[in-house]
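Heads up, the sequence shown is in the working numbering, so the first residue is 1053 and it goes up one at a time. Virtual Cβ for every residue (Gly too), placed ideally from N, Cα, C. Here is the structure we will look at, set down as structure tokens.
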Amino acid sequence: MSGKTVYPIAILLGFIHAVLVKYTYLKVPKPYMDEIFHIDQARAYCNGDYRYWNPMITTPPALYLLTPQFLCFGQERYINSFISPLLFIGLYKLRRRFCYFTNQTSSVLTALSLSLLPVLFDTSVLYYTDMLSTTAITWGFAITNPHISVIFFAISCLTRQTNIVWAGLYVICKLWKGFDKKHPFKSTWNICWNHRAFVILLQCFLIFILLNKGIVLGDKTAHQPVTHFPQLLYMSAFLIFSAAPLFIFNLRQALLNSLRYWYIIPMVIAFSYMSIKCCTMAHPYLLADNRHFTFYLWRRWFMRFEWAAMTTIPIYVISFIFALPYLIDCHGFVITVFGIFATSAVLIPAQLLEFRYFIIPYLLWRISVAETRKFVLLLEILFHLFVSAVALLLFYEKPFRWAHDSADLQRFMW
């Protein structure tokens, strides 16, 4: 499989996505959940009313601004069918950049597997911002020219505010790699000058925060910044589940890593224990909305048993021992630390346990794993397809009604 197959696969992926969106319109013709606000805003813009803002929306308007007129008024979900091929191509390019020494077949299969990541792919059949946000971040990292890369990071920030952190990670990594000990001031100045567009992006972001009096748009009460350290633990559990085929077929390497990086184990145990003790919290949405899988995870595990949180610590330890060595081998220790800080800056302030928050950190980690065995990558693709099939089956075929709102069907989703 050569790089020439990338574009035909991308087109096929977009076509399959469009077919699935068409089926979604048949099963769920009306705007569902957050779509109610997103589609309302998009249609206002399509009508030329750029002064209108739905107060329930808490993220910037890039998706609504980029939705073409011919998709407005009943076809908005198809925007993700156009974006999904771009995500696949961007993931392929990013894989070639991060793991240039691997063969093209593994790069194509890895990009395809990540394009089918269930949390991302399943929610993209609705008019949600995750596909655009993830695609913009992917292309931002994939492009080495900072003057072009900043455009994608700007789009990402206009889709979700916290993406400014990933733009910062991009620049910091460039600074670290380009730093010359013999000419420290000159090398630093050259890098800063070459990335001056990112300084403008940061200035615009700071102006936005000052004018908006905070990072959250719209309903600020539901998204107040908190100190939620367990988010990193939930992220690690999400990682080892999503990468289950890789973990199973690299179990021996994970055991060797536990010896090589033995000092990580007590650090993760201590961090997990202190995080659970001091900072475990549940957002009101998590406790009240039984449409999300996280509701059942929380209610039937973490809330049901007092010992549940502590007995999950071994999973977190195994995940860290499994995941961190791949980052260190691909990017080095220092950039791995930068990546952990960036992930922390994005996740820890969020009170809500939401799987979609883990998409970008997971993709950046997984794209750095130099797995080249075809059967492992194919199993990963099949695993993602299986999980997606189960989740979408529940979404399409197992609707239910709330006792206090029997008029509308409710559906299970991520």
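Its Cα nearest to that of A1402, the residue L1338 stands out among G1384, L1338 and E1087. A1219 and H1456 have their alpha carbons spaced roughly 44 Å apart. Under the DSSP definition of a beta bridge, M1319 lacks any partner. For the set Y1378, P1413, P1377 and L1210, the Cα lying nearest the Cα of F1393 is the one of P1413. If you ignore the 5 residues before and after S1310, its C-beta comes within less than 6 Å of the C-beta of I1373, all in its own chain and listed in chain order. Boundaries of the alpha helix (DSSP H) harbouring W1417: I1411 to R1418, taken from the DSSP string. When DSSP assignments are scanned along the region 1311 to 1386, the uninterrupted stretches of alpha helix (DSSP H) that are 4 or more residues long and fall wholly within it turn out to be 1316 to 1331, 1336 to 1340, 1345 to 1349, 1360 to 1363 and 1365 to 1383. A Cβ-Cβ distance of about 6 Å is found for the pair Y1409 and L1399, placing them in contact under the 8 Å criterion.
In this structure, Q1093 sits near P1113, with a CB-CB distance shorter than 8 Å. Its Cα nearest to that of T1162, the residue V1058 stands out among V1058, Q1276, W1245 and V1369.
Excluding sequence positions up to five before and after P1336, its CB lies less than 6 Å from no other CB in the same chain. By the CB criterion at 8 Å, L1298 and V1428 fall inside the cutoff.
In this structure, the straight-line span from the alpha carbon of S1294 to that of I1380 is close to 20 Å.
Shown here, A1289 sits in a helix according to DSSP, grouped into three states.
Taking C-beta atoms under 8 Å as the contact rule, G1391 and L1221 qualify, at a distance of about 7 Å. Fewer than three beta-carbon pairs drawn from the region 1236 to 1255 and the region 1269 to 1281 are found closer than 8 Å, and the two stretches are therefore not classed as touching. When C-beta atoms of the region 1340 to 1353 are compared with those of the region 1251 to 1270, fewer than three pairs fall below 8 Å, so the two segments do not count as touching. Shown here, F1452 sits in a strand according to DSSP, grouped into three states.
The region 1122 to 1138 and the region 1058 to 1075 touch, with no fewer than 3 CB-CB distances between them shorter than 8 Å.
The C-alpha of I1370 is placed about 8 Å away from the C-alpha of I1292. In terms of Cβ geometry, C1209 and F1173 do not form a close pair [threshold 8 Å]. Within its own chain, the residues whose Cβ lies closer than 7 Å to the Cβ of Y1286, once the five positions on either side in sequence are excluded, are L1405, listed in chain order.
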